[in-house]
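Per our numbering, residue 2 is the first one in the sequence shown, and the count goes up by one each step.
A virtual CB, placed ideally from N, CA and C, is assigned to each residue, including glycine.
Have a look at the structure below, then the notes.
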Amino acid sequence: NADYMLIAGDVFDNARIEDSVISNFFDQLAKLDIPVIILPGNHDLMDEHSLYKRDLFSNAPSNLYVFSRNEGELFSFPEIDFWGKAMVEHSPEFKPLSGMAQASRRKWLVGLAHGHFEEKGVGSGRSSLIFPSDIASLSCHYLALGHWDVYTDVSQGDVPAFYSGAPAGIFRSNFSAITVDLDPENGVTHRLRKFD
Numbered sequence: 002n003a004d005y006m007l008i009a010g011d012v013f014d015n016a017r018i019e020d021s022v023i024s025n026f027f028d029q030l031a032k033l034d035i036p037v038i039i040l041p042g043n044h045d046l047m048d049e050h051s052l053y054k055r056d057l058f059s060n061a062p063s064n065l066y067v068f069s070r071n072e073g074e075l076f077s078f079p080e081i082d083f084w085g086k087a088m089v090e091h092s093p094e095f096k097p098l099s100g101m102a103q104a105s106r107r108k109w110l111v112g113l114a115h116g117h118f119e120e121k122g123v124g125s126g127r128s129s130l131i132f133p134s135d136i137a138s139l140s141c142h143y144l145a146l147g148h149w150d151v152y153t154d155v156s157q158g159d160v161p162a163f164y165s166g167a168p169a170g171i172f173r174s175n176f177s178a179i180t181v182d183l184d185p186e187n188g189v190t191h192r193l194r195k196f197d
């Protein structure tokens with residue numbers, strides 16, 4: 002059983018989603034007995050037309066937390082903090098990890114980011130780039146990444162960082178999610194779960 006559910010962007014494919022789809026999403030979330038933390042991505046931006054700004058979200062389940070600040074923000078729980086920066090525009094200027102909070106000695110810090118990992122630190126001109134040095138410089142205990150719908154390990158230095166994949170999508174063979182355990186004695190471990 003999980004203690005939290007993290008979705009690092011693109012819950013919805015676009016801002017034109019009908020309210021009935023969002024209501025159904027809320028119905029499913031309300032069945033969960035854990036906090037669900039969402040970071041808006043390039044398909045469900047937190048811009049002026051964001052579906053997250055619809056009146057419907059004022060009646061969202063109490064277990065739903067959506068990052069809304071483009072400078073980043075922290076959701077705090079008794080033993081863990083979650084940091085994320087809402088994407089307002091998918092552009093080369095957007096830096097998904099800049100400004101991340103520092104980890105506390107008393108709590109776990111999990112970062113969420115939505116962007117494209119690029120091996121070389123020179124920049125391809127693509128939007129929302131994340132470089133190895135960006136990840137390696139973080140003090141978080143785990144980094145949950147979104148944008149790629151295929152499981153990919155991009156851990157750097159002491160920072161475990163993964164694209165979990167997606168439990169649904171175009172290519173059925175890629176359906177996946179991961180479970181991450183944060184343990185004071187064993188550190189951070191993860192398990193990949195494939196879906197048929």
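Taking the continuous alpha helix (DSSP H) assigned at Leu-30, which residues delimit it? Run containing Leu-30: 20-31, per the alpha helix (DSSP H) assignment.
Proximity to Asp-98 [Cα-Cα], best of Arg-127, Arg-55, Ser-77, Leu-146: Sequence inspection shows Leu at residue 98; the Asp mentioned does not correspond to that position. Of the residues Arg-127, Arg-55, Ser-77, Leu-146, the one whose Cα lies closest to the Cα of Leu-98 is Leu-146.
Please go through the same chain and pick out, in chain order, the residues whose beta-carbon is closer than 6 Å to the beta-carbon of Ile-23, but skip the five residues on each side of it. Leu-57
For Tyr-5 and Ile-35, believed in contact at Cβ under 8 Å, the rounded distance: Yes, Ile-35 and Tyr-5 are in contact; Cβ-Cβ is about 6 Å, under 8 Å.
Would you report the Cα separation of Tyr-152 and Thr-190, rounded to the nearest angstrom? Using only the alpha carbons, I get a separation of about 15 Å.
Run through the DSSP bridge pairs and tell me what Val-67 is partnered with. Ile-39
In the DSSP output, what is Met-6 paired with across the bridge? Val-37
Can you list, in chain order, the stretches of the beta strand (DSSP E) that have 3 or more residues and sit fully within the stretch 114-147? If only uninterrupted beta strand (DSSP E) runs of at least 3 residues are considered, those enclosed by the stretch 114-147 are 143-147.
Let me check one thing: in DSSP terms, what residues is Ala-16 bridge-paired to? Answer by DSSP bridge pairing: none, since Ala-16 is not bridged.
Distance, Cα to Cα, Ala-162 vs Met-47? 23 Å
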